[in-house]
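Beneath this line is the structure, given in structure tokens, with notes to follow.
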Amino acid sequence: MSFKIKKAAVLGAGVMGAGIAAHLTNAGIECYLLD
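Quick look at the structure:
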């Protein structure tokens, strides 16, 4: 069984969190960044 991730939330908007959120957004995944 496979599925596609459509939305993600990243908790923590530091250097690492911002980078992860940027990669998710570039991959076309709707992303919420919370600090």
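Quick note: the working numbering has the sequence shown finishing at residue 251, numbered continuously throughout. Cβ atoms here follow ideal geometry from the backbone N, Cα and C, with glycine treated the same way. The structure displayed is predicted, hence computed values, not measured ones.
Coil, strand or helix - residue i by DSSP
i, result
"Ala224", "strand"
"Gly244", "coil"
"Met217", "coil"
DSSP beta-bridge partners of residue i
i, result
"Leu250", "Leu227"
Contact under 9 Å by Cβ, residue i with residue j
i, j, result
"Gly235", "Asp251", "no"
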